Structures are given as C-alpha cells and as structure tokens.
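Sequences listed follow chains A and B, in order. Quick note on the numbering used here: the first sequence kicks off at 27 and runs consecutively. Quick note on the numbering used here: the second sequence kicks off at -4 and runs consecutively. Every residue, glycine too, gets a C-beta built ideally from N, C-alpha and C. Nothing here was measured: the structure is a model prediction, and the numbers come from that model. Just below is one structure, and these are the notes that go with it.
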Amino acid sequence: MLKDWFTNGIPIAEGTEWLTDQITEGFSFLFEPIKEHFGEFMEFTADKLMLVPPFIIIIIVALIAFFISGKKLGLAAFSIVGLWLIDNQGYWEHLINTFTLVLIASLLSVIIGVPIGILMSKSNTVEAIMKPILDFMQTMPAFVYLIPAVAFFGIGMVPGIFASLIFATPPTVRFTNLGIRQVSKELVEASEAFGSTGTQKLLKVELPMAKATIMAGINQTVMLALSMVVIASMIGAPGLGREVLSALQRAQVGTGFVAGIGIVILAIIIDRFTQSANSKE
Amino acid sequence: MPIIEAKNLTKVFGKNPKQAIELLNQGSSKEEILKKTGSTVGVNKASFSVEPGEIFVIMGLSGSGKSTLVRLINRLIEPTTGSILIDGQDLAKMDKKELRQVRREKLGMVFQRFALFPNRTVLQNAEYGLEIQKLPKEERAKKAREALELVGLGGYTDQKPDQLSGGMQQRVGLARALANDPEVLLMDEAFSALDPLIRKDMQDELIDLQSTMKKTIIFITHDLDEALRIGDRIALMKDGSIVQIGTPEEILMNPANDYVERFVEDVDRSKVLTANHIMKRPETINIEKHGPRVALERMKEAGISSILAVDSKRNLKGYVTAEDASEAKKKDIRDISEILLTDIKQVEKDTPMNEIFTIINGSSIPTAVVENDRLVGIIVRGAVIAALAGESEVDSEYA
Ligand SMILES: Nc1ncnc2c1ncn2[C@@H]1O[C@H](COP(=O)(O)OP(=O)(O)O)[C@@H](O)[C@H]1O
Ligand SMILES: [Mg+2]
C-alpha cells in the first residue's frame, strides 16, 4: 500500500471524499431537519422583511445611522441614497435576501465564535490547538467550503450559511481570545481579590474590557460573511450575488455592474454600522 | 490571637518548583537556584504574624518579593509550600468557594496602579465587592456611598475613574476595599504611584482611618520613610526572605544585618527619631524642698552649669544657674524662687528630631522633655548632633 502511495500519490482527495460521504450519511438525521426547518425559517424571515415597504426600512436604517454616527448626517444620507438606488434598480428583494443571509450567518458565527474565543483565552492548551485550525479555516479558498456544504445540505440558503460559518467565524474567535488576554492583569486580580466567581469575572470585567476588541473581530466576521454569501450564490443562495453570477454567465456587463454596486452599498453600510457599535463609548 | 499568620510561606515561579525547594532547603541562594533550575524564588520561607488592628508594613527593594507575598495572603498566587492562616483557618486548604468567602468577608485589596474598572462609575467601582455578593441594589449603593464619604469622595459618585486625579482614583480604590468592611486591608504599594505631597496626605489619612476603624492593614512599600511613618511593625524583605521584623525604632536602632543597615542609612533620621530617643535622665532639684545650697551641690557633683527645678509632682518649674546659686549662697538667700529662671525651652516626648533641632539651636541651656507637663528627660545639644549623624549614643535606659 505504501508503495502504491509513492507511485500513485497519497489519496488525500479520495480520503476527504470518503469522509464527507460518511458524514453526510452518518449525520443525515441531523442535516435533513436542519436543511428543512432552518431553510424554512430563513425564507420566513426574508419574506417578512420583504413585506415591509422599502421606504420604512430606509428611514429606520437612516435614523439608526444618524444616531450611531454621533448625530452626523453623512452615513444617514449615504444610507438613504444607497438603499433607494438599490430599490430603484429593482434589486430590493435580492438585497433583503442577501441581508438575511448575512445577518443570520453573522449571528451564528458570533454565537459560536465568542464562547470558543473565551475557552481559548482561559486555556493555553485550547489556544495552541485552535490557532492552527483557525489559520487553516481562513486561508483555505472560500469556494472549497461550498463542496461539503452542498453534500450536507443540498443547494440553497442553508449550505451558504454553513460555508459562511466556517469561513467567517475565525476573526470573532481570534479577537475574543485576544481581547480577554489583553485585559490588564491588575483588573483581573482586583475582581478575583474581591471574591468574584469565574463567571462574574468574565461578565463584569473581562468581556466589558475586551468589548472593543471583540467588536473589531465581529466586524471582520460580518464582512467575511457578506463576501461568502455572495460566493454562495454559486450553490443556489439567493440574493445580489446570484444576480452578479447570472450577469457573468450571460456576459451582461451592465446588470453585473448594478448588482455589484448593490453589494458595495450594503457592505459599506454594514461595515460602518458594526464599526460604530465599536467606537461608541 | 494573630489575625494573619504565615508559616514558612514559599513561592517558586517556574516549571520545577520541587527541585528549587530542595535547593532552598540546602541553603542555595535565589541567584544560584535561578541559574541551576531556571526557577525564580518569589518568596522564601516567610514567617510572620499580624495582630488585629496593626499596620504591618512589608518593605524591600523592587523584586524582593513583596507583591508575591501579599498575593499569597489572599491566594491570588498559590503557595508552593508553607501555610497562611487567617483567623486560624488555613487558606491553602480551602476549596474555591470557601476561599471566595474569605476574600469577600475578610480581605480587601488596594492596588499600586489603582486597578479601577474604567467602564464603571466611581460609585459602581465602590459597589463592586458588594455587587458580586449579590447584595440588594439600594443596600450596596448605601454602603458604597458611606465608604466614599469616608475617603472624602462623596461628591464624585457619578464620575468615571479617568476623570479623577491619581490621588482621588486611589481613594476610590480604598473605598472599594472599605465598602466590604473587611477585617484586613492588603495594600500593594498603594501610594507609590502618587506624587509626594498627595502621598503624604494619603499616609496621614490612612493612619487616621486605621485609628478610627481599627482595621488590620498590611501595607507594602519600597520606601523606608513611608514604612517608618505608618508602620506599627515593619518586615524587611530581601531576595524573597524576610530579614528583619520589628518596630520602626528597632529597625533603625538595631539593624539586623548589613542589608538593613544600608537601607536604613538613607533614611532621614531626623523624621523618625523623637525626643524620647535622645533625652537623658535629668539632674533636678525640688523647689519645695531644696534651696540654692543643694542646687549648687548637685551641679558641682554632676559637673553642669545649670539644673532643672521641679515641684514634688515633678512638674517642671524652671531652672537655676550655678552662677546665680553661688551668688545666693553668698548672700544667704534660702528661697530658691528668687533665683529661679523660667525661660526654659521644653519639648514633648514625641517631638521629632528635626523640630528639636530648630528649638535647641542657638540655645545654651539644655532643653527639657516633658510628658503631660511632667519632666521626663533632658536633651543636651551634643546628643542631637550625634543622633543626626547616626551614631545615636543613647542612654540605653531610654532607647
Ligand atoms: N508570575 C511570575 N512569574 C515568574 N517570576 C515572577 C512572577 N511574579 C514575580 N516573579 C519574580 O519574583 C520575584 C519577586 O517579584 P515581586 O513579588 O513582584 O517583587 P516586588 O513586588 O518586591 O517588586 C522577582 O524576581 C520577580 O521577577
Ligand atoms: Mg511589587
């Protein structure tokens, strides 16, 4: 067998395929309901959002933008013009789809990433194990995750979310770990010296102190989720990405450009929103 | 019973503490152990006990293990060997929950760089210890307010720590520790980051607080002046070991070894020594019994040119010079009051030396030392100079 490996190459690809098959079959009891119910839930969310008239959403977004940017008009004005333009070009539904995907993918990333980051910060062993895994997750080209995603969850929104989870979670994990480790030793000592439990120390001192750093990680996660959601259009995820893709397939420069602009506008708004949540205080 | 008792408390930082402990037991030095094992001896067999209500100062140069020692007392650092008893309970044997309880109820801590929570207001900082004990909101706010009043920050409850000066921030630190009403305050170089004037104020206030609240205070400092000012007793540390424990006087007068002596050399003795240290037993006459004749006799005997006069209760009345006494003798005056001079300089027993020096300067007659108006001693000029020069040749009876 060893000789075989030397002459014909080590069957990494075959092995991976075998493993994926095993997982697909072995965990289908898990994947099937996720695919079904989670898919329904996302469509439901997107549908409800689409019921809201665009101008109401635009006003709400603009108001939030106004307040989080410290009552300056720039971001609010940009949001109004940008979102109106997307609606004007007939991409509102796609925008809502993309937004729903990004929102849910990011939320899941944060829900999973922050606790892992906390574990990493508490244990050097966990940190040593997680670091190379995170590097691997982030450097692997994003497309690659689409393949097992399809195997597990078929096509549509759910595999898009799955791929996005793997690709976009690492920054949240990393920055949570970093942020907690950076909390001044004296502050941690102070909280311990007064008799805090581990949970009290975490909730009352470490997380509040690490908040800015964690938010920077979350900002990166959201931006990565957006890029992944666009790529996930290749496996049938709906939204602005799909419009770009179909424009590409039909060589329609114009539509491709407009849908692309839509993604850029969404990206800028999301980025500024998550950043200013950070810079506040 | 001592409130805190440390027995052979030892901390070795590094991967192989066992080997380091063995070497320590064989008498190797901190340096040798670091070379041989790569482990750092933080604290080496420290034993001491602290009585309730005492200000116990731990002093030593940077790196001598003071911070490590104080953190062994509340087990922020786990001891390698040895034990620490608080109210007779062994801290090292406690589980997490018991340890937390002791920290909450018995031990407050104040930090060198204040360690205030920057996201909390002054009041919320002071509330921290009570908040984690889940006290009802109003009760903890009330107690925290009282603690803040106590340190003079009643009006700053809603500010954030970074809006306050260093001295005020450390008052918040102190209030945070006091709010829990702990038996013991652990203060790790609590005033070292403050500038000298504010530092002196804080020292005075701490002494005041201690005398009204009767807390036991373990105070860390690298500054001997500070140690002497506030300490009831001082433990001197070097390379992780305690090299001497004693009252400020004991440390100054009888340095245990060269190390302590060198430390002590820098101290401004004039601030520490008081009249009590340099006074001598006075020659006196009793104005109710003695006349000029006896006065002259006593002066001749002692070889002095003037003598202090007291009444039967040893209240200081004045002094008589040899010249006046022999004149009176010639004129056969019997009543001493005719030649009694009352322009005598006097100081209290606990007057510091630097003040005595200015009083005594330029005066040819000795200075009387009194305690509640009663004469207890006399200071001659030579003694002041000698003491300031560090030779303190003091009458052992009064030392
Ligand atoms: N966490 C640690 N790891 C390794 N060595 C330490 C640690 N903390 C303190 N030390 C060492 O222990 C010794 C005593 O330090 P410390 O207690 O901080 O001294 P001090 O407070 O008197 O300046 C020093 O040699 C220091 O380098
Ligand atoms: Mg220190």
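Along chain A, in chain order, which residues have C-beta atoms closer than 7 Å to that of residue i?
i      : result
B/Y123 : F220
B/I351 : Result: empty, since nearest Cβ-Cβ is about 43 Å, beyond 7 Å.
B/N20  : Within 7 Å Cβ-Cβ: nothing; B/N20 doesn't reach chain A, min ~30 Å.
B/R369 : Simply none; closest approach about 48 Å.
In the DSSP output, what is residue i paired with across the bridge?
i      : result
A/T126 : The partner list for A/T126 (beta bridge, DSSP) is empty, contrary to what the question assumes.
B/I302 : B/V315
B/L102 : B/V179
B/K275 : B/I373
B/R228 : B/F51
B/V364 : B/V342 and B/G372
B/G241 : B/I229
B/A1   : B/F43 and B/I79
A/I49  : Answer by DSSP bridge pairing: none, since A/I49 is not bridged.
A/Q278 : Partner(s): none; A/Q278 has no beta bridge.
B/D85  : B/L80
B/S236 : B/K233
B/N310 : B/R369
B/N281 : B/V305
B/I405 : No information on residue 405 of chain B is available, as it lies outside the stretch -4 to 394 that chain B covers here.
A/F162 : Answer by DSSP bridge pairing: none, since A/F162 is not bridged.
B/K6   : B/V38
B/T269 : B/P347
Run the proximity test for residue i: is its beta-carbon closer than 7 Å to any non-hydrogen atom belonging to ligand 2?
i      : result
B/E17  : no
B/K61  : yes
B/D183 : yes
Taking only heavy atoms of ligand 1 into account, decide whether any of them is closer than 7 Å to the Cβ of residue i.
i     : result
B/K13 : no
B/S57 : yes
B/T35 : yes
B/F8  : yes
Mind pulling the chain B residues with CB within less than 8 Å of residue i?
i      : result
A/A103 : Residues of chain B passing the Cβ test: none, with the nearest at roughly 32 Å.
8 Å is my cut-off, CB to CB: does residue i come that close to chain E?
i      : result
B/M104 : Here chain E cannot be found, since the structure's protein chains are A and B.
Just the chain B side, please: which residues come within less than 9 Å of residue i by C-beta, in chain order?
i      : result
A/L319 : Given a span of 27 to 307 for chain A in the structure shown, any question on residue 319 of chain A remains unanswerable.
A/T327 : Beyond the ends of chain A as shown, which are 27 and 307, falls residue 327 of chain A; an answer cannot be given.
Which whole-angstrom value is the C-beta distance of residue i and residue j, which I expect to be below 8 Å?
i      : j      : result
B/G150 : B/R166 : At roughly 12 Å, the Cβ-Cβ gap does not stay under 8 Å, so B/G150 and B/R166 are not in contact.
B/K129 : B/A174 : That pair is no contact at about 14 Å.
A/F201 : A/F188 : So it is not a contact: roughly 22 Å between Cβ atoms.
B/R98  : A/G221 : 4 Å
B/I215 : B/K61  : 5 Å
B/P156 : B/T269 : Rounded, the Cβ-Cβ distance is 39 Å, inconsistent with contact.
A/M249 : A/A293 : 7 Å
B/I212 : B/Q205 : 6 Å
Against residue i, what residues of chain B qualify as contacts under a CB-to-CB distance less than 7 Å, listed in chain order?
i      : result
A/P234 : N114
Anything in chain A within Cβ reach of residue i, meaning under 8 Å, just list it in chain order.
i      : result
B/A110 : S210, E212, L213, E215 and A216
B/R99  : F220 and G221
B/I79  : Per Cβ cutoff of 8 Å: no residues; B/I79 is ~15 Å from chain A at best.
B/I53  : Within 8 Å Cβ-Cβ: nothing; B/I53 doesn't reach chain A, min ~17 Å.
B/I68  : Ordered by position in chain A, no residue passes the 8 Å Cβ test against B/I68, which lies about 10 Å from the chain.
Along chain A, which residues have their Cβ under 9 Å away from the Cβ of residue i?
i      : result
B/N175 : F220 and G221
B/I225 : Going along chain A, no residue has its Cβ under 9 Å from B/I225, so there is no contact; the nearest lies around 21 Å.
B/L71  : E215, E218 and A219
For residue i, verify whether its CB is less than 7 Å away from any heavy atom of ligand 3.
i    : result
B/K6 : Ligands displayed in this structure: ligand 1 and ligand 2; ligand 3 is not among them.
(Q) Closer than 8 Å is the cut-off here; do at least three beta carbon pairs connect the segment 202 to 209 of chain A with the segment 133 to 148 of chain A? (A) Yes, the segment 202 to 209 of chain A touches the segment 133 to 148 of chain A.
Q.
Using 8 Å as the cut-off, can you tell me whether the segment 38 to 47 of chain B makes contact with the segment 217 to 237 of chain B, which would need three or more C-beta pairs spanning the two stretches below that distance?
A. With a cut-off of 8 Å, the segment 217 to 237 of chain B and the segment 38 to 47 of chain B count as touching, because enough Cβ pairs lie within range.
Q.
Between the segment 62 to 69 of chain B and the segment 91 to 104 of chain B, can you find at least three pairs of beta-carbon atoms closer than 8 Å?
A. The segment 91 to 104 of chain B, when compared against the segment 62 to 69 of chain B, does touch it at the 8 Å Cβ threshold.
Q. Are three or more beta carbon pairs between the segment 324 to 344 of chain B and the segment 364 to 379 of chain B nearer than 8 Å?
A. Touching, yes.
Q: Count the CB pairs spanning the segment 29 to 36 of chain B and the segment -2 to 17 of chain B that are closer than 8 Å, and state whether there are at least three.
A: Touching, per the Cβ criterion.
Q. Using 8 Å as the Cβ pair cut-off and three pairs as the minimum, do the segment 259 to 270 of chain A and the segment 114 to 124 of chain A touch?
A. Judged by Cβ distances under 8 Å, the segment 259 to 270 of chain A makes contact with the segment 114 to 124 of chain A, as three or more pairs qualify.
Q) Looking at C-beta atoms only, is the number of pairs between the segment 45 to 56 of chain B and the segment 220 to 228 of chain B that lie closer than 8 Å three or more? A) Three or more Cβ pairs drawn from the segment 45 to 56 of chain B and the segment 220 to 228 of chain B lie within less than 8 Å of each other, which places the two stretches in contact.
Q | Meets three-Cβ-pair contact criterion under 8 Å: the segment 312 to 324 of chain B and the segment 295 to 303 of chain B | A | Touching, yes, given that three or more Cβ pairs across the two stretches are closer than 8 Å.
Q. Does the segment 148 to 165 of chain A come within contact of the segment 208 to 217 of chain A, defined as at least 3 CB pairs closer than 8 Å?
A. They do not touch, by the three-pair rule.
Q. Taking contact to mean at least 3 C-beta pairs separated by less than 8 Å, is the segment 110 to 119 of chain B in contact with the segment 83 to 92 of chain B?
A. Verdict: no, contact absent.
Q.
Between the segment 283 to 293 of chain B and the segment 319 to 327 of chain B, can you find at least three pairs of beta-carbon atoms closer than 8 Å?
A. The answer is yes - the segment 283 to 293 of chain B touches the segment 319 to 327 of chain B, with three or more Cβ pairs under 8 Å.
Q. Quick one: any contact between the segment 284 to 291 of chain A and the segment 105 to 115 of chain A, if contact means 3 or more CB pairs under 8 Å?
A. With the cut-off at 8 Å, the segment 284 to 291 of chain A and the segment 105 to 115 of chain A touch.
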